[in-house]
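S.K.: Going letter by letter, the sequence shown gives residues 44 to 319 in this note's numbering.
One structure, as structure tokens, below. Some questions next.
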Amino acid sequence: MLPAPEAARRDDLTAYADYLLTTAREQLLSPFVPVSLAELVGGTRDDDLRAGLLGLLDTVRGTLNSSDTLRTWGHYAMTRTSLADGRRDTGPLGGDDLRSLAAAVEHAATPARRRYGLTSPGTAYTAVGPRLRGFPGATELLKGVGYAAVVCRANVALADVVRRDSDQGLFENGSRITLDDAFEGGGVWRSHHPGNAETIGDPLAPSGCGWTSMICAPSDPGPEPESEVEPVDLPLADDAALGPSELLVTDANEIVWRARLRLGPYRTLPPRTTCP
44 MLPAPEAARR DDLTAYADYL LTTAREQLLS PFVPVSLAEL VGGTRDDDLR
94 AGLLGLLDTV RGTLNSSDTL RTWGHYAMTR TSLADGRRDT GPLGGDDLRS
144 LAAAVEHAAT PARRRYGLTS PGTAYTAVGP RLRGFPGATE LLKGVGYAAV
194 VCRANVALAD VVRRDSDQGL FENGSRITLD DAFEGGGVWR SHHPGNAETI
244 GDPLAPSGCG WTSMICAPSD PGPEPESEVE PVDLPLADDA ALGPSELLVT
294 DANEIVWRAR LRLGPYRTLP PRTTCP
């Protein structure tokens, strides 16, 4: 069994080649085909078979990429006609749903509007497959090979939005959208805000930031040594006159309260004093 990191980095083509060389090896080497792979490479050594198989698959990929009637996503190909039909479709997982998906990815990391304080940087990852399953009426369309067809169509739609509406992945709302993983979860897209501070690269080249952040996370350093606790400030004589603070707003985005302030150790602000 492959170690987890190595297995996670395999793309579709490598995974398919591994399947043919192991589970489907008997079919791959069948003598009933016009020209067997073993005959092409001159033997049955695993390294030779793998090199020959990958060469054949690469030839197929080059042929697909050179066609004017096809669009490709990774190692999958779709006719341009089917993509156009999908964009015009008003049913489940049609053009409206794919536009909704693109908008959700574009705004996934955009911070909520706040009245107070600064917004901190945010990153969100959107897996296309699970997100498509959330659309009404999607269940039947995502069965069997239909899943691959819809996932590829969705990723092509997202890629077109990134190419058309952004500057190397940077959108007008300040978010940078990039492809993070072309394989897992039907494709994972990364949304980061603010995106103008990040290194510019090809937004459609899988960056693997999500995977890297998981395997490179710092190990638990253990509990920090206890430091000497500072003494708590003693109450002042005018604490009672100040009165308690008043909580105005508390929710998931902000906490706002009001409290009277001191001008010095022993003076309090008059009730109607306005601070600049």
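Ideal placement from N, C-alpha and C gives every residue a C-beta, glycine not left out.
Because the structure is a prediction, the values reported are computed rather than measured.
For Val231, list the residues DSSP reports as bridge partners.
M.R.: Ala170, Asp224.
S.K.: I'd like to know whether the C-beta atoms of Asn198 and Gly117 end up nearer to each other than 9 Å.
M.R.: Closer than 9 Å, so yes.
S.K.: Taking DSSP as the reference, what is the three-state secondary structure of Asp55?
M.R.: Note: Asp55 maps to helix in three-state DSSP.
S.K.: Using a Cβ cut-off of 9 Å (strictly closer), state whether Thr221 contacts chain C.
M.R.: Note that chain C does not occur in the displayed structure, where there is just one protein chain.
S.K.: Go ahead and pull the three-state DSSP assignment for Pro319.
M.R.: Confidence at Pro319 is low in this model, with a pLDDT of 49, below 50, so the placement of that residue is unreliable and no value is reported for it.
S.K.: Does the region 141-156 come into contact with the region 215-222, if we say contact requires no fewer than three beta-carbon pairs (one atom in each stretch) closer than 8 Å?
M.R.: The region 141-156 vs the region 215-222: in contact.
S.K.: On the CB-based measure, 16 or more other CB atoms within 10 Å of its CB, does Leu97 come out buried or exposed?
M.R.: Label assigned to Leu97: exposed.
S.K.: Would the region 205-216 count as touching the region 121-129 if we require 3 or more Cβ pairs under 8 Å?
M.R.: Too few Cβ pairs lie closer than 8 Å, so no.
S.K.: Ends of the beta strand (DSSP E) at Arg114?
M.R.: Unbroken beta strand (DSSP E) run through Arg114: 113-116.
S.K.: In chain order, what residues of the same chain lie with their CB nearer than 8 Å to the CB of Asp224, ignoring the 5 residues before and after it?
M.R.: Cβ within range, chain order: Gly230, Val231, Pro249, Gly251, Gly253, Trp254.
S.K.: Measure the CB-CB distance between Arg196 and Leu141 and report whether it falls below 9 Å.
M.R.: Contact: yes.
S.K.: Whole-angstrom Cβ separation of Leu72 and Leu80, contact assumed at under 8 Å?
M.R.: Yes, they are in contact, since the Cβ atoms of Leu72 and Leu80 sit about 6 Å apart, within 8 Å.
S.K.: Rounded to the nearest angstrom, what separates Asn108 and Arg114 at their Cα positions?
M.R.: About 7 Å.
S.K.: Report the start-end ranges of each beta strand (DSSP E) in the region 99-142 that is 3 residues or longer and not cut off at the edges.
M.R.: Taking only runs of at least 3 residues, the beta strand (DSSP E) segments lying wholly in the region 99-142 are 113-116, 119-122.
S.K.: Among residues of its own chain, excluding the 5 on either side of Asp91, which ones have a beta-carbon nearer than 6 Å to its beta-carbon?
M.R.: Taken in chain order, the residues that qualify are Val84.
S.K.: I'd like to check one pair, Ala200 with Leu144: are the Cβ atoms closer than 9 Å?
M.R.: Yes; because the gap between Cβ atoms is below 9 Å, this pair is in contact.
S.K.: When the Cα atoms are used, what is the spatial distance from Trp70 to Leu56?
M.R.: Just to set this straight, residue 70 is Gln in the shown sequence, not Trp. Going from the Cα of Gln70 to the Cα of Leu56 covers about 18 Å.
S.K.: Taking the alpha helix (DSSP H) that Asp203 belongs to, which residues open and close that run?
M.R.: 188-208 is the span of the alpha helix (DSSP H), which, as asked, contains Asp203.
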